[in-house]
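One structure is given here, and the rest of the page talks about it.
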Amino acid sequence: AAGPFDERAVAVLMAPLNMDDVEVKPDGQLYLPEIKFRRILNTAFRPGGWSLVPRGPHTITAKSVSREYALYCLGRYVSQARGEQAYFNSEGVSMATEGCRSKALVRCCKDLGIASELWDPAWLDTHRATIAEKVVAASYSGARKVIWKRKDRPL
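Under the numbering used here, the first residue of the sequence shown carries the number 891, and numbering increases by one thereafter.
Below, the structure written as structure tokens:
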């Protein structure tokens, strides 16, 4: 690395999470949608100031797609990660390639400190209880299951 990014960029990258942006998966996992990572990068480095560059071809199996990507900010290498995404039929491959790219971006952003709270078990336990709750939901088949959801949103 040539040195740290400027103070303005660092303040954007390291800013505490806005809890209104945090989502909850049915298994209780808290996450920040991929678009939020893009917006943070655009705010820190401006549109065109960062790029996610493929580092090889897609690996496509019968059920998933994966690919290695590198994140560059202001022309500097920042991180590299593999993204992967499952798909269920051949028509889903193009969507899976985009999902693969998004997952790699989120993983690369960890090295910039973006949303680092989401990898801190103590923070997760405290904030899951604050914004999420378990509810009983019925599937299309009528089976009942306990899932997590945000407290401020309908099921």
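We put the CB at the ideal spot given by N, CA and C, even for glycine.
Since the model is a prediction, treat every value here as computed from it, not as a measurement.
With 16 other Cβ atoms within 10 Å as the buried cut-off, status of residue 1024: Along the sequence shown, read from residue 1 onward, the residue named residue 1024 stands at position 134. Classification of residue 1024: exposed, given that the 10 Å Cβ count is below 16.
Option nearest residue 1037 by Cα separation, candidates 919, 902 and 909: In the sequence shown, the residue the question calls residue 1037 occupies position 147. The residue with the shortest Cα to Cα distance from residue 1037 is 919.
Neighbour flag for residue 1020 against chain D, beta carbons, 8 Å: In summary, chain D is missing from the structure at hand, where a single protein chain is found.
8 Å contact criterion, which residue 959 and residue 976 should meet: CB distance rounded: Locating residue 959 in the sequence shown gives position 69, counting from the first residue. Locating residue 976 in the sequence shown gives position 86, counting from the first residue. With a beta-carbon spacing of about 18 Å, residue 959 and residue 976 fall beyond the 8 Å limit used to define contacts.
Pairwise C-alpha distance: residue 1007 and residue 906: Residue numbering aside, residue 906 sits at position 16 when the sequence shown is read from its first letter. Residue numbering aside, residue 1007 sits at position 117 when the sequence shown is read from its first letter. Rounded to whole angstroms, the gap between the alpha carbons of residue 906 and residue 1007 is 8 Å.
Sequence ranges, alpha helix (DSSP H) only - wholly within the segment 931-967, length at least 4: With a minimum length of 4 residues, no continuous alpha helix (DSSP H) run stays inside the segment 931-967.
Given 8 Å, three or more beta-carbon pairs between the segment 898-912 and the segment 998-1013: Below 8 Å, enough C-beta pairs join the segment 898-912 and the segment 998-1013 to call them touching: three or more.
Beta-carbon proximity list for residue 947, same chain, < 8 Å, skipping 5 on both sides: For the purposes of this step, residue 947 is taken as the residue at position 57 of the sequence shown. Excluding residues within five positions, the ones whose Cβ falls inside 8 Å are 957.
Residue 1019, DSSP secondary structure in three states: Taking the first residue of the sequence shown as position 1, residue 1019 is located at position 129. It is helical.
Residue 954 versus 896, 967, 987 and 945, residue with shortest Cα-Cα distance: Sequence index remark: in the sequence shown, residue 954 carries index 64 (1-based). The candidate whose alpha carbon is nearest that of residue 954 is 987.
Whole-angstrom distance between residue 1035 and residue 1029, CA atom to CA atom: Residue mapping note: residue 1029 aligns to position 139 of the sequence shown, counting from 1. Residue mapping note: residue 1035 aligns to position 145 of the sequence shown, counting from 1. Roughly 8 Å between the two C-alpha positions.
Residue 969 vs residue 998 beta-carbon contact at 8 Å: Taking the sequence shown and counting its residues from 1, one reaches residue 969 at position 79. Taking the sequence shown and counting its residues from 1, one reaches residue 998 at position 108. For residue 969 and residue 998, yes; Cβs fall inside 8 Å.
Beta-ladder partner(s) of residue 920, from DSSP: Taking the first residue of the sequence shown as position 1, residue 920 is located at position 30. Residue 920 is bridged to 914.
For residue 973, three-class secondary structure by DSSP: Reading the sequence shown from its first residue, position 83 is the one you call residue 973. Under the three-state reduction of DSSP, residue 973 is assigned to strand.
Top-ranked residue by Cα proximity to residue 1020, from 1041, 1004, 1026 and 1012: The residue you call residue 1020 lines up with position 130 of the sequence shown. Considering only alpha carbons, the answer is 1041.
Residue span of the alpha helix (DSSP H) that contains residue 991, given as start and end: On the sequence shown, residue 991 is found 101 positions in, with the first residue counted as 1. Run containing residue 991: 983-999, per the alpha helix (DSSP H) assignment.
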